[in-house]
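**Q** Below are the structure tokens for one structure; questions will follow.
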Amino acid sequence: MSDESTELPEDLAALIGVSQYPVTATFPVERGYTYNTLAATQNGNPLYWDDAVAEQVTGGMTALPTTLSLWMRPHYWEPGAEGEQVALQVHFDLKARFDLPEAVMTDNTLIFGDPVRPGDVISHAQVLRSVSGPKTTKLGSGRFWVIDIEYKNQDGDLVGVESYTGFGYRRAAAEGGAA
Amino acid sequence: MNVPTPLLLDAVTVGDRLPELSVEVTPTTVVLGALASRDWRPMHHDYKFATERNGVADIFLNTPNQAAWFERYLTDWTGPLGRVGRMKFRMKDSIFPGDTMVFSGEVTEVTTDDAGCGWVGVEVTLTVGERTCSSCSVRVAVPSSADDNPWARRGDRWVP
Numbered sequence: 203m204s205d206e207s208t209e210l211p212e213d214l215a216a217l218i219g220v221s222q223y224p225v226t227a228t229f230p231v232e233r234g235y236t237y238n239t240l241a242a243t244q245n246g247n248p249l250y251w252d253d254a255v256a257e258q259v260t261g262g263m264t265a266l267p268t269t270l271s272l273w274m275r276p277h278y279w280e281p282g283a284e285g286e287q288v289a290l291q292v293h294f295d296l297k298a299r300f301d302l303p304e305a306v307m308t309d310n311t312l313i314f315g316d317p318v319r320p321g322d323v324i325s326h327a328q329v330l331r332s333v334s335g336p337k338t339t340k341l342g343s344g345r346f347w348v349i350d351i352e353y354k355n356q357d358g359d360l361v362g363v364e365s366y367t368g369f370g371y372r373r374a375a376a377e378g379g380a381a
Numbered sequence: 147m148n149v150p151t152p153l154l155l156d157a158v159t160v161g162d163r164l165p166e167l168s169v170e171v172t173p174t175t176v177v178l179g180a181l182a183s184r185d186w187r188p189m190h191h192d193y194k195f196a197t198e199r200n201g202v203a204d205i206f207l208n209t210p211n212q213a214a215w216f217e218r219y220l221t222d223w224t225g226p227l228g229r230v231g232r233m234k235f236r237m238k239d240s241i242f243p244g245d246t247m248v249f250s251g252e253v254t255e256v257t258t259d260d261a262g263c264g265w266v267g268v269e270v271t272l273t274v275g276e277r278t279c280s281s282c283s284v285r286v287a288v289p290s291s292a293d294d295n296p297w298a299r300r301g302d303r304w305v306p
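Quick mapping for you: the protein sequence lines, in order, are chains A and B. The letter at position 23 of the first sequence is residue 225 when you use our numbering, and the numbering goes up by one with no holes. The letter at position 155 of the second sequence is residue 301 when you use our numbering, and the numbering goes up by one with no holes.
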């Protein structure tokens, strides 16, 4: 990886540490997504399959902690919405701001607070923590950025904090294909 | 009601190795994981987008689904009383259909915090053949005694 460090544009520097896009999920936490995730990972943990175990261990059914980010993701389509509905809007803002057509996530940190339960309504906001100078990796040339997301339930209890490191990039011309 | 016998803190020692988990990855594994996490981005279900736009070999496992696999791997070991407090992972290479992903883990830390919560630090490695695709550091709470329950902890008694 090469590093051609440059300063961050002023408009972006002003957004560092600022809470953006506060959103409350449009539907409550429900067990269907827990079952989907359990099936997708072949997870037989009785905490999520057996109500009696859930009652004894956690005082009732909970959602898998790692499904936290699920509640920030919009419906792919809904009435009145235009264009692709995306999660983590700050990530897509940065792609557009730097004209970087492609992106991948490289790091993910999750800190879990109070359990999330069916019926909870989760709110979240995104905070841009950092943007790197130009970098070149095997994928192409672009920038890394770190975005934090804080999740709360309807009572304002902190249920988790998540941090993503993304790499927005443009593929090398010789590889072609990026549009 | 059958809560399986939990893993207790005093049964864990730094250097302990978790049983390996091997999973054959299919296109369904990738798509099911993406949709379960409401991740509609096309690189997780559209081969042409993944290969022609992203320039990778195939559709690939998405980030939240990897987190869910790590959680499953950890709680397979701890049992249902194990409560993951913190997880940090770095994805160095992608997981594609046709891969056999292998999870392995080693205990790196065994501690008790000021609130009496027992914590185990585990370094998990996700490999495909010779490729190390992801490395994950996990902090998971396990019972300190037979009558302890990490899930009962709230507020100042839960410091992940």
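Ideal placement from N, C-alpha and C gives every residue a C-beta, glycine not left out. The model shown is predicted, which means the values in this text are computed figures rather than measured ones.
1) With distance defined between alpha-carbon atoms, name the residue in Gln258/A, Lys340/A and Ala254/A nearest to Asp293/B.
2) Let me know the secondary structure DSSP gives Val258/A once reduced to three states.
3) Exposed or buried, which one is Glu313/A when buried takes at least 16 other CB atoms within 10 Å?
4) Which whole-angstrom value is the C-beta distance of Val288/B and Leu227/B, which I expect to be below 8 Å?
5) Strictly under 9 Å for the Cβ-Cβ distance: is Ser271/A near chain B by that measure?
6) With a cut-off of 8 Å on the beta carbons, I'd call Val230/B and Val286/B a contact; round off their distance for me.
7) So that I know if they touch, is there some Cβ in chain B lying closer than 9 Å to that of Glu232/A?
8) Counting only the same chain and skipping the five closest in sequence on each side, list residues whose C-beta sits under 8 Å from that of Trp297/B.
9) With 16 as the cutoff for other CB atoms within 10 Å, does Val220/A come out buried or exposed?
10) So that I know if they touch, is there some Cβ in chain B lying closer than 9 Å to that of Asp205/A?
11) Provide the residue span of the alpha helix (DSSP H) that contains Glu269/B, from first to last.
12) With distances taken from CA atoms, which of Thr258/B, His191/B and Arg218/B is nearest Leu249/A?
13) Figure out for me which residue from Val268/B, Asp156/B and Glu170/B has the closest Cα to the Cα of Gly251/B.
14) What residues in the stretch 180–193 of chain B bring their beta carbon closer than 9 Å to a beta carbon of chain A?
15) Kindly indicate which residue of Gly358/A, Val348/A and Asp357/A has the alpha-carbon position closest to the one of Val306/A.
16) Quick check on this structure: which residue in Arg345/A, Gln287/A and His326/A has the alpha carbon closest to the alpha carbon of Asp359/A?
17) In terms of residues, what are the limits of the alpha helix (DSSP H) holding Arg218/B?
18) Within 10 angstroms of its Cβ, does Pro306/B collect 16 or more other Cβ (buried), or is it exposed?
19) I'd like the span of the beta strand (DSSP E) that includes Gln222/A, first residue to last.
20) Assign Gln244/A to one of three DSSP states: helix, strand, or coil.
21) Whose CA, out of Thr151/B, Phe249/B and Ile205/B, lies closest to the CA of Gly275/B?
22) Taking buried to mean at least 16 other C-beta atoms within 10 Å of its own C-beta, is Met147/B buried or exposed?
23) I need the boundaries of the beta strand (DSSP E) containing Ala283/A, first residue and last residue.
24) Buried or exposed for Val160/B, going by 16 or more other Cβ atoms inside 10 Å?
25) Cβ closer than 9 Å: which chain A residues qualify as neighbours of Met237/B?
26) What does a CB cutoff of less than 7 Å around Arg236/B pick up in its chain, not counting 5 residues either side in sequence?
27) For Leu178/B, name the three-state secondary structure that DSSP assigns.
28) Among Val361/A, Gly370/A, Ala256/A and Pro320/A, which residue has its Cα nearest to the Cα of Ile351/A?
29) For a cutoff of 9 Å on Cβ pairs, would you count Arg199/B as touching chain A?
30) State the DSSP-derived secondary structure class of Asp309/A, mapped to helix, strand or coil.
**A** Here's the rundown:
1) Along the second sequence, one-based indexing puts residue 293/B at 147. Cα-wise, what sits closest to Asp293/B is Gln258/A.
2) The residue labelled residue 258/A in the question sits at position 56 within the first sequence. Note that residue 258/A is Gln in the sequence shown, not Val. Three-state result, Gln258/A: helix.
3) For the purposes of this step, residue 313/A is taken as the residue at position 111 of the first sequence. One point to set straight first is that residue 313/A is Ile, not Glu, in the sequence displayed. With 16 or more Cβ atoms within 10 Å of its Cβ, Ile313/A is classed as buried.
4) Within the second sequence, residue 288/B is the residue found at index 142, counting from 1. Within the second sequence, residue 227/B is the residue found at index 81, counting from 1. At roughly 7 Å, the Cβ-Cβ gap stays under 8 Å, so Val288/B and Leu227/B are in contact.
5) Taking the first residue of the first sequence as 1, we reach residue 271/A at position 69. Among the residues facing chain B, Ser271/A is included, as its CB has a counterpart in that chain under 9 Å away.
6) Here residue 230/B is taken as the residue at index 84 of the second sequence, counted from 1. Here residue 286/B is taken as the residue at index 140 of the second sequence, counted from 1. Val230/B to Val286/B, Cβ: 5 Å. Contact.
7) Working through the first sequence from its first residue, we reach residue 232/A at position 30. Not an interface residue.
8) Sequence index remark: in the second sequence, residue 297/B carries index 151 (1-based). Contacts found: Leu227 and Arg229.
9) Within the first sequence, numbered from 1, the residue matching residue 220/A stands at position 18. The residue in question, Val220/A, is exposed, as its Cβ has fewer than 16 Cβ neighbours within 10 Å.
10) Indexing the first sequence from 1 puts residue 205/A at position 3. Confidence in Asp205/A is poor, its pLDDT being 41 and thus under 50, which makes the residue's placement unreliable; the coordinate value appears in the next sentence. Output row for Asp205/A: interface = no.
11) Reading the second sequence from its first residue, position 123 is the one you call residue 269/B. Glu269/B -> not in any alpha helix (DSSP H); beta strand (DSSP E) instead, spanning Gly264 to Val274.
12) Stepping through the first sequence from its first residue, residue 249/A is reached at position 47. Out of Thr258/B, His191/B and Arg218/B, Arg218/B has the C-alpha closest to the C-alpha of Leu249/A.
13) Here the question's residue 251/B lines up with position 105 in the second sequence. When each option's Cα is compared against that of Gly251/B, the closest is Val268/B.
14) Ala180, Leu181, Ala182, Ser183, Arg184, Asp185, Trp186, Arg187 and Met189
15) Counting from one through the first sequence, the residue named residue 306/A turns up at place 104. With respect to the C-alpha of Val306/A, the residue from Gly358/A, Val348/A and Asp357/A having the closest C-alpha is Val348/A.
16) For the purposes of this step, residue 359/A is taken as the residue at position 157 of the first sequence. Closest option to Asp359/A, Cα to Cα, is His326/A.
17) Residue 218/B sits at position 72 when you count from the first residue of the second sequence. Segment Thr209 to Thr224, the alpha helix (DSSP H) holding Arg218/B.
18) Here the question's residue 306/B lines up with position 160 in the second sequence. Buried, since its Cβ has 16 or more Cβ neighbours within 10 Å.
19) Locating residue 222/A in the first sequence gives position 20, where the first residue counts as 1. Run containing Gln222/A: Ser221 to Thr226, per the beta strand (DSSP E) assignment.
20) Counted from its first residue, the first sequence places residue 244/A at position 42. Correct three-state label for Gln244/A: coil.
21) Counting from one through the second sequence, the residue named residue 275/B turns up at place 129. Ranking the options by Cα distance to Gly275/B, first place goes to Phe249/B.
22) Translated into the one-based positions of the second sequence, residue 147/B becomes position 1. Note on Met147/B: pLDDT 49, under 50, position unreliable in the model; the coordinate value appears next. It counts as exposed.
23) To locate residue 283/A, count along the first sequence from 1; it is residue 81. Note, Ala283/A: premise wrong, no beta strand (DSSP E); not H, not E.
24) Locating residue 160/B in the second sequence gives position 14, where the first residue counts as 1. The residue is exposed, with fewer than 16 neighbouring Cβ atoms inside 10 Å.
25) Locating residue 237/B in the second sequence gives position 91, counting from the first residue. Val306, Met307, Thr308, Asp309 and Asn310, listed in chain order.
26) Within the second sequence, numbered from 1, the residue matching residue 236/B stands at position 90. So the list reads Ser280 and Ser281, once near-sequence residues are dropped.
27) As a first step, residue 178/B is located in the second sequence; it is residue number 32 there, counting from the start. Here Leu178/B sits in helix by DSSP.
28) Within the first sequence, numbered from 1, the residue matching residue 351/A stands at position 149. Of Val361/A, Gly370/A, Ala256/A and Pro320/A, the residue nearest in Cα terms is Val361/A.
29) Taking the first residue of the second sequence as 1, we reach residue 199/B at position 53. Closer than 9 Å to some Cβ of chain A, the Cβ of Arg199/B qualifies, so yes.
30) Position 107 of the first sequence, counted from the first residue, corresponds to residue 309/A. Asp309/A: strand per DSSP, three-state reduction.
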